[in-house]
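One structure is given below, encoded as structure tokens.
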Amino acid sequence: MTWAVATYVVDLSGASREMTEGFSAVFAAVVLLGVGMWMHQKSLAGRWQSYVKEKLSSALNRKSAFMLFLLSFVTVYREVFETVLFYAALWSDGNGAYMLAGLGCGIAVLAVIAFLLLRSTARLPIRQFFAFSSALVGVLAVVLIGKGVAALQKVGLLQVTPLSMPRIDVLGVYPSVQTIAAQVAILLIIVASVTYNLRSQRTARV
């Protein structure tokens with residue numbers, strides 16, 4: 027159902043399709059930004075382990091199976107929804123073959139990692155994993171906001187103020203003040219979030 031809603035754009039054409047692609051990309055960028063900020067926060071000082079233990083302990087103390095189910099569902103579905111939004115944006119942009127190739131490679135890599143972890147006693151470095159994932163998600167948010175703003179400009183919903191600079195489609199960089207301003211705004215939010223999290227960590231140690 028999530029995929030059906032996210033890919034509703036397939037049934038549209040013309041300006042409506044561009045408009046839907048634009049709003050979908052902008053929405054996906056906002057979701058990715060929020061997830062990235064959350065992941066970076068949990069990557070600091072073992073906060074992810076503390077977060078999970080706190081939620082599980084609270085649920086167990088209330089002896090509520092429903093709370094455990096809800097916690098598991100929200101945690102998993104949050105990641106699934108983010109992934110579907112990203113894949114839907116790629117698919118609607120005509121990158122289906124690349125998306126399927128990347129999906130296949132990703133599954134293969136995950137299978138290898140899972141096999142190695144199961145065969146060894148090494149534990150997954152959660153802090154490094156979340157830090158890397160949050161950085162990757164931040165980059166994707168910057169790319170998608172650029173693509174989203176550009177799509178909305180095509181249908182005339184946003185003004186186009188040209189800039190003398192190269193166009194880099196793969197990075198969502200387009201030669202207009204509006205797209206660059208949107209990407210810079212996302213970058214500033216990311217920098218502010220990282221700075222706040224690091225300062226909070228230092229304060230907690232004092």
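Note that the numbering used here has the sequence shown beginning at 27, numbered continuously upward.
Just so you know, even glycine gets a beta-carbon here, dropped at the ideal spot from N, CA and C.
Around the Cβ of residue i, are there at least 16 other Cβ atoms within 10 angstroms (buried) or fewer (exposed)?
{"i": "Gly48", "result": "buried"}
{"i": "Gln154", "result": "exposed"}
{"i": "Phe156", "result": "buried"}
{"i": "Leu166", "result": "buried"}
{"i": "Leu129", "result": "exposed"}
{"i": "Ile212", "result": "buried"}
{"i": "Gly62", "result": "buried"}
{"i": "Val196", "result": "exposed"}
{"i": "Ala140", "result": "exposed"}
{"i": "Tyr222", "result": "exposed"}
{"i": "Tyr124", "result": "exposed"}
{"i": "Ala54", "result": "buried"}
{"i": "Gln227", "result": "exposed"}
Check the C-beta distance from residue i over to residue j and give it rounded, since I have them as a contact under 8 Å.
{"i": "Leu58", "j": "Leu142", "result": "The Cβ separation is near 28 Å, so there is no contact."}
{"i": "Gly172", "j": "Gln209", "result": "5 Å"}
{"i": "Val203", "j": "Leu189", "result": "6 Å"}
{"i": "Met45", "j": "Val181", "result": "5 Å"}
Under the three-state reduction of DSSP, which class applies to residue i: helix, strand or coil?
{"i": "Ser202", "result": "strand"}
{"i": "Gly40", "result": "Any reading at Gly40 needs caution, since the residue's pLDDT is 49, under 50, leaving its predicted position unreliable; the model's value is listed next. Residue state, collapsed to three classes: helix."}
Give the single residue among the options whose Cα lies nearest to the Cα of residue i.
{"i": "Met65", "options": "Ala207, Ser202 and Gly164", "result": "Gly164"}
{"i": "Ala177", "options": "Leu162, Gly198, Arg225 and Gly60", "result": "Gly198"}
{"i": "Ala51", "options": "Val220, Gln179 and Gln227", "result": "Gln179"}
{"i": "Val56", "options": "Ile216, Arg225 and Arg228", "result": "Ile216"}
{"i": "Val168", "options": "Pro192, Ile206 and Ala137", "result": "Ile206"}
{"i": "Leu126", "options": "Tyr113, Leu136, Arg145 and Val135", "result": "Tyr113"}
{"i": "Val220", "options": "Phe158, Val135 and Ile194", "result": "Phe158"}
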